[in-house]
Amino acid sequence: MDVTIKIRRYDPEAEQPGSYWEEFAVSVADNATVLDALIKIREEMDGTLTLRCSCRSAICGSCAMRINGHAGLACKTPLALVVDENNAITVEPAGVMRVIKDLAVDFEMFWDKIRAVEPYLQPAGVEPEGEYIASNESMLHLSGVTACIMCGACVSDCTVLEVDPTFLGPAALAKAYRFTADPRDGNREGVSRDRLRSLSEETGMWDCTRCNECVQACPKGVAPMDRIMALREQAVEAGFTNNNGARHTNAFTESVGHSGRLDELRLPIKSVGGVTNVGAMLSYAPVGWRALTHGKMPPIRHKNVENVEQVRRLFRKLDPDLAGPQIGRNSPFG
Amino acid sequence: MLEHDVLVIGAGLAGMRAAIAASANGANTAIISKVHPVRSHSNAAQGGINAALLDRGDDWEDHAYDTIKGSDFLGDQDAIEVMCRSAGSALIDMEHMGVTFNRDDEGRLGTRAFGGQRRARTFFVGDFTGQALLHVMFEQLIKSQVRSYEEWFVTSLIIEDGQVGGVMALEIRTGQLHAIRAKTIIFCTGGCGRIFEPSTNALIVTGDGMALAYNAGAGLMDMEMVQYHPTTLAGSGVLLSEAARGEGAYLRDKNGNRFMERYAPNMMELASRDVVSRAEQTEINAGNGVNGCVFLDCTHLGEALIMEKLSQIREIGIDLAGVDMIREPVPIRPGMHYIMGGIKTDIDGQTSIPGVYAAGECANVSVHGGNRLGANSLLDTIVFGERSGNHAAEACRSLPFVDFSEDEAVAREERRIKEMLDRPDNGDRWGAIRQAMGESMVRNVAVFRDEQSISEAVRDFAELRDRYATVPVENKNRIFNTDLIFALELGFMLDVADTIAYSAVERRESRGANARTDYPERDDENWLKHIVAKKGEVGPELSYLPVTITKWQPEERKY
Amino acid sequence: MKYAFFPGCVSQGAAPELYPAAKLICERIGIELDEIPGWTCTGAGVMQEKNQFFADTLNARNFAKAEQMGLPILTICSTCQGVMSQANKRMAKDSDYLAEINYHLAEEGLEYKGTAEPKHLLWILIEDIGLDKVTELVTRPLAGIRMAPFYGCYIVRPTEALDIEEHPERQTSLETLIETLGATVVDFEGKTRCCGFPILTINEKNSMAMVGKHTSEAKDLGADAMVTPCPLCHLNLDGYQPKASAQLKRKVDLPILHLPQAIGLAMGIDPKDLGLQKHIMSTQPLTVKLGARR
């Protein structure tokens, strides 16, 4: 197969360093991967081409890069699946992280975030003499997360990290979940309360936008965003609800559980902690005013859907803690 | 100058285990690796880790016997005893650190069957046990006080008056050379698989530590013992775990016959790796394969089992060969996978050079002898990594730092690097030399070998060595110059390649992985001994060491 | 063609201009919309993080009602599309899960059989109606208008839930439609990124940074307007553009259109009837350029 590999290159030692595109025409086997082509270029055409790679079998995590604009492992991507009608692809360094040279990026921020979640098991109490007893299901569930090879594909494509490098990001949060979900970890009856408390703070689990980029990018099926959602569930369960994220989730569910639909007027108010949060309310005021003057304010009087009692029945049954006995009577959404 | 009591080179499982142990023993410890620790090749161990747990009714002596028989009686039995006795606590340590081992119905650690062993004692995490262990060890490294030099490449050893003084290292991201002073050095640099083409090994597995130790005067022992793994994927040569056969997969020829019944009627597909690889190669040579491959058949295992326990190798088959093992047999063949040989050490990792240690695949203790059992390599790294770290930390207490001039050391290495960068372009490339070396090795020092073929490899290497002396480095810059690193690695590989070929031609018998068609029988009378290669004037100089036998006398090996 | 209509909360709440605009263009195309009686919110991904089972049960309830109507589901909200598709996949993959959901629906006399296939208007136009039909109705081509597509997240990811492999054309559906309307596509990197809306009340600074990034990037590439199939994206990109602009310390002034509005403009419908005056960012420069001045 003859393919054209268009590579975004960067030479930090050039007189005027800047990124530029360079095209290579290579001939490879029909079942070759993107990495096979890059290695061929490096070994036979241009020894200055720089990239990290090692295992060739999607386990070492070295070769994450953007292929046709999206992060993935070069060694796990068959060329035939990604070439366009002209048998061409583009290859760029992973996003978010600083480029060192060509396709090699600086992972320091990645490791800083991993280190920030105290990534080692912290059991409470006395270690057993033998192994900890744990169900196979719980271990298989964790293995789905520990399958993470730290390749950085999720970080590369994270929409939040793109605008805010302080966010812990998908890899570190998935790593954190690997401990909070571990029956062996935790400082209170198997609940990793300290972890959940600190992960509920700013730059933590609630800053994720649920954009699914990391789920799409992950080459190992770890689905980091799903783990972040599971972290949120654990945090709320453990009572760490004094933050806008947890309030938002609870208020949203309450609104729908009570009326069947979303109350868009009251939701932001409840999310920021009610009308007593004067600063936040003032910051919404200009937007609310503009909306009002443009005739698009959500209805002040939120209506219930037809047959709402059926929705409330499900709410009471399926989320009794949140629904409470008062639903339908004294709810703030009434 | 950067200065440490203990400097561990290589950050795979053995290296990190050694560093953590040394640090826990109070030594100022650093670990240096040409890749980030989690990129290390320990990742690639798929199937599991062996341990004989007493509370499962298993016995370390049974494990030891299986290991000794697997080694074709070339393993040192005192070392094997140390490893098998320590296995249980090493395993439980890893579990306590957080490894998510698969469990049995009672919630205890589950096992699977593995080759060459009479009972199931292989503990595992799906089919990515090495990765699971490596990442947990990295977590412990983060927790420790160990200083980590990531993406630093060790270019040479500093030896003053026979005593190790430290190392010279290239900081890859800046291209700057540094001298690091150390009282003790522990090589944990892994194997040398890239000397072979193809190989299951990662591109970083280039025998650096073996070559550095060899060039400093240490002996490389049993280098002819190179393991060809029975199930490597057609084409790319990537590994498909023995776990597949451990879970019940069959090997079939082109007519669907389970040919192993003719080679190992009792253990069948789960005979020792050398036995299975020879069987496959014999069938392929007899025309019973397809395109140089036989087949690994998992189709009867069922989707649920494959998804729970073999999901990663299934993906590899799909991605790299377009074959889904749930539905069809996968074409496989024997492929170079592991080297039993390595830097000769004692059971505490000490080499013949004072202050220099080695552990893991780069070392030869020797626990694997002529053939390593599957799932003994992870165990080897952890047990002897820890022992080396402990011993080195202890030794440091009474060792002084060796005095040497940092400026001179840096200037000397700088001149060597500059000479390489300044070479004129002569049209040759390191990639071409490496390819020629690898192909010669796989052609001539193969599953089956003889004097003529091995001698051909020796001649090839001499020629390639001449080419290497003038091979240009295309990239003249300093920042992240992988071109330069590859050229340096090739030098290491050529050194080690010679020791493999010389040792292979020397051992005039068939034992373990050294199957000589010109000497088809095992010859205990003349060859129940180790071959040690030391650097001589013009090439490796060979000598012999006795095999330590404690209670298991050599016997005929049948599976 | 007739569909079980799922409008979504926002089209009747914070983006009230969307609902009538969608109705108008569907009428012209000949799409008959039969609203699912008593439909409930999909959970928008928010409820799913609190209680996925409850949220999925509510989705199954909507699907069951559409099954009773015997009609395929049409939605005009990308977020609803994504959340419904994901929920539907979970139920399709796990029959025990679906059975448990049906157990709770049974009390109301409902059962979800698993046949619903929720589809966004954008996909329906391309896959069911055909672009020829749309082209036929374009009486005022958006010639000379440079329009940036903004998909947002839910209608493009995860690809598995959205059957993108079977329908690769969905990945370029918005561009295809823009071209059909006669406008020029302004391709930009942010088109499939997050608009920032889900974290508006959680991390407003980041949310505004996203709005600022996408709108300014499109503007810099010469866009006259941006069009989105997602009313939540619209809320943020339009409603919060002034705030994002202030944070960015730069004027952007990019009109943001709902998908049906862009279609309606090309069909010659009065901008006022499409609710263009209800937007926070003035659409006047656009309508003037188009000669459809209100």
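Chains as they are written, first to last, in the numbering used here: chain B, 2 to 335; chain S, 88 to 646; chain W, 1192 to 1485.
Cβ atoms here follow ideal geometry from the backbone N, Cα and C, with glycine treated the same way.
Counting only C-beta atoms, is M230 (chain B) closer than 8 Å to chain W at any point?
Along the first sequence, one-based indexing puts residue 230 (chain B) at 229. Put simply, the CB of M230 (chain B) is near chain W, with a gap under 8 Å to one of its CB atoms.
Continuous alpha helix (DSSP H) assignments of at least 4 residues falling wholly in the stretch 1413-1484 of chain W
Qualifying alpha helix (DSSP H) stretches, in chain order: 1422-1425, 1432-1439, 1450-1457, 1475-1481.
Just the Cα atoms here: how many angstroms apart are L80 (chain B) and K396 (chain S)?
Here residue 80 (chain B) is taken as the residue at index 79 of the first sequence, counted from 1. Here residue 396 (chain S) is taken as the residue at index 309 of the second sequence, counted from 1. The alpha-carbon atoms of L80 (chain B) and K396 (chain S) are separated by roughly 28 Å.
Straight-line Cα distance separating E1299 (chain W) from Q311 (chain B):
Within the first sequence, residue 311 (chain B) is the residue found at index 310, counting from 1. Within the third sequence, residue 1299 (chain W) is the residue found at index 108, counting from 1. When rounded, the distance between both Cα atoms is 7 Å.
Return the residue from the list S:D295, S:L575, S:E538 that minimises the CA-CA distance to E311 (chain S).
Taking the first residue of the second sequence as 1, we reach residue 311 (chain S) at position 224. When only C-alpha atoms are compared, the closest one is S:E538.
Let me see if you follow: with CB-CB separation under 8 Å, is R1348 (chain W) close to chain B or not?
As a first step, residue 1348 (chain W) must be located in the third sequence, where it is residue number 157. With its beta carbon less than 8 Å from one in chain B, R1348 (chain W) belongs to the interface.
Are the C-beta of I1222 (chain W) and some C-beta of chain B separated by less than 8 Å?
For the purposes of this step, residue 1222 (chain W) is identified with residue 31 of the third sequence, where counting begins at 1. Chain B contact via Cβ: absent.
I want to see whether chain W comes within less than 8 Å of L263 (chain B), judged by CB atoms only; does it?
By one-based count along the first sequence, residue 263 (chain B) stands at place 262. Yes, L263 (chain B) counts as interfacial toward chain W.
Measuring only between beta-carbons, confirm whether Q363 (chain B) sits less than 8 Å from chain W.
The first residue shown for chain B is 2 and the last is 335, placing residue 363 (chain B) beyond what the model contains.
The alpha helix (DSSP H) that contains S527 (chain S), what's its start and end?
Numbered from 1 along the second sequence, position 440 holds the residue referred to as residue 527 (chain S). Where S527 (chain S) is concerned, the enclosing alpha helix (DSSP H) stretches over 517-531.
Counting Cβ pairs closer than 8 Å, one from the stretch 1216-1231 of chain W and one from the stretch 1246-1261 of chain W, do we hit at least three?
Taking a cut-off of 8 Å on C-beta distances, the stretch 1216-1231 of chain W touches the stretch 1246-1261 of chain W, as three or more cross pairs fall below it.
Taking the alpha helix (DSSP H) that F274 (chain S) falls in, what are its first and last residues?
Counting from one through the second sequence, the residue named residue 274 (chain S) turns up at place 187. Counting along the chain, F274 (chain S) sits inside no alpha helix (DSSP H); it lies in the beta strand (DSSP E) bounded by residues 263-274.
Within 10 Å of its beta-carbon, does S157 (chain B) have 16 or more other beta-carbons around it, so buried, or fewer, so exposed?
Position 156 of the first sequence, counted from the start, is the residue given in the question as residue 157 (chain B). The residue is buried, with at least 16 neighbouring Cβ atoms inside 10 Å.
With 9 Å as the limit, tell me which residues of the stretch 1283-1311 of chain W have their beta carbon closer than that to any beta carbon of chain B; keep them in chain order.
Within the stretch 1283-1311 of chain W, the qualifying residues are H1295, L1296, E1298, E1299, L1301.
Identify the continuous alpha helix (DSSP H) that holds L1215 (chain W) and give its terminal residues.
Mapped onto the third sequence, residue 1215 (chain W) falls at position 24. Run containing L1215 (chain W): 1209-1220, per the alpha helix (DSSP H) assignment.
Is it a yes or a no for the stretch 1361-1381 of chain W touching the stretch 232-243 of chain B, going by three-plus beta-carbon pairs under 8 Å?
Not touching, per the Cβ criterion.
Given that a residue counts as buried once 16 or more other Cβ atoms are within 10 Å of its Cβ, and exposed if not, what is H387 (chain S)?
Within the second sequence, residue 387 (chain S) is the residue found at index 300, counting from 1. Counting Cβ neighbours within 10 Å, H387 (chain S) comes out exposed, since fewer than 16 surround it.
By DSSP, does F168 (chain B) sit in helix, in strand, or in coil?
One-based indexing of the first sequence puts residue 168 (chain B) at position 167. If DSSP states are grouped into helix, strand and coil, F168 (chain B) belongs with coil.
Figure out for me which residue from S:D142, S:I267, S:N137 has the closest Cα to the Cα of T154 (chain S).
Along the second sequence, read from residue 1 onward, the residue named residue 154 (chain S) stands at position 67. Ranking the options by Cα distance to T154 (chain S), first place goes to S:N137.
Check the Cβ-Cβ distances between Q217 (chain B) and every residue of chain W, and say whether any is below 8 Å.
Within the first sequence, residue 217 (chain B) is the residue found at index 216, counting from 1. Closer than 8 Å to some Cβ of chain W, the Cβ of Q217 (chain B) qualifies, so yes.
Going by Cα to Cα distance, which pick from B:P269, B:K7, B:R53, B:V216 is closest to G246 (chain B)?
The residue you call residue 246 (chain B) lines up with position 245 of the first sequence. Per the Cα distances, B:P269.
Within the 8 Å Cβ cut-off, does P79 (chain B) reach chain S?
Taking the first residue of the first sequence as 1, we reach residue 79 (chain B) at position 78. True, the Cβ-Cβ gap to chain S drops below 8 Å.
Compile a chain-ordered list of the residues in the stretch 407-429 of chain S whose CB is closer than 8 Å to at least one CB of chain B.
Those residues of the stretch 407-429 of chain S that come within reach of chain B (Cβ to Cβ, closer than 8 Å) are L407, A408, G409.
Taking just the CA atoms, how far does M140 (chain B) sit from D183 (chain B)?
Taking the first residue of the first sequence as position 1, residue 183 (chain B) is located at position 182. Taking the first residue of the first sequence as position 1, residue 140 (chain B) is located at position 139. Whole-angstrom Cα-Cα distance: 8 Å.
Can you tell me whether G721 (chain S) is buried or exposed, with buried defined as 16 or more other CB within 10 angstroms of its CB?
Residue numbering for chain S in the displayed model covers 88 to 646; residue 721 (chain S) lies beyond these limits and cannot be assessed.
Distance check for S231 (chain S) and L460 (chain S), CA to CA, integer angstroms please.
Indexing the second sequence from 1 puts residue 460 (chain S) at position 373. Indexing the second sequence from 1 puts residue 231 (chain S) at position 144. Those two C-alpha atoms are separated by around 32 Å.
Mind checking which residues open and close the beta strand (DSSP E) that includes W239 (chain S)?
Here residue 239 (chain S) corresponds to residue number 152 of the second sequence, with the count starting at 1. Unbroken beta strand (DSSP E) run through W239 (chain S): 239-247.
Give every residue of the same chain whose Cβ lies closer than 6 Å to the Cβ of G1236 (chain W), excluding the five residues on either side of it in the sequence, and list them in chain order.
Along the third sequence, one-based indexing puts residue 1236 (chain W) at 45. Result list for G1236 (chain W): V1274, in chain order.
Any chance you could list the beta strand (DSSP E) runs of at least 3 consecutive residues sitting entirely within the stretch 90-114 of chain S, in chain order?
Runs of the beta strand (DSSP E) lying entirely within the stretch 90-114 of chain S, each at least 3 residues long, are absent.
Residue range of the beta strand (DSSP E) that L383 (chain S) falls in?
Within the second sequence, residue 383 (chain S) is the residue found at index 296, counting from 1. DSSP places L383 (chain S) inside the beta strand (DSSP E), whose first and last residues are 381-384.
Consider the Cβ of T187 (chain S): report whether some Cβ of chain B lies at a distance smaller than 8 Å.
Along the second sequence, one-based indexing puts residue 187 (chain S) at 100. Judged by the 8 Å Cβ criterion, T187 (chain S) is in contact with chain B.
I'd like to know whether the C-beta of I42 (chain B) is nearer than 8 Å to at least one C-beta of chain W.
Sequence index remark: in the first sequence, residue 42 (chain B) carries index 41 (1-based). Using a CB distance cut-off of 8 Å, I42 (chain B) does not count as an interface residue toward chain W.
Spatial neighbours of R672 (chain S) within its chain, please: C-beta separation below 7 Å, excluding the five flanking residues on both sides.
Since the first and last residues shown for chain S are 88 and 646, residue 672 (chain S) lies out of range.
Specify the secondary structure class of Y1342 (chain W) as computed by DSSP and reduced to three states.
Counting from 1 along the third sequence, the entry for residue 1342 (chain W) is found at position 151. Y1342 (chain W) falls in the coil class under three-state DSSP.
Can you find at least 3 beta carbon pairs, one from the stretch 195-207 of chain S and one from the stretch 326-345 of chain S, that sit closer than 8 Å?
At 8 Å Cβ cutoff, the stretches touch.
In three-state DSSP terms, what is M255 (chain S)?
Residue 255 (chain S) sits at position 168 when you count from the first residue of the second sequence. Annotated three-state conformation of M255 (chain S) is strand, per DSSP.
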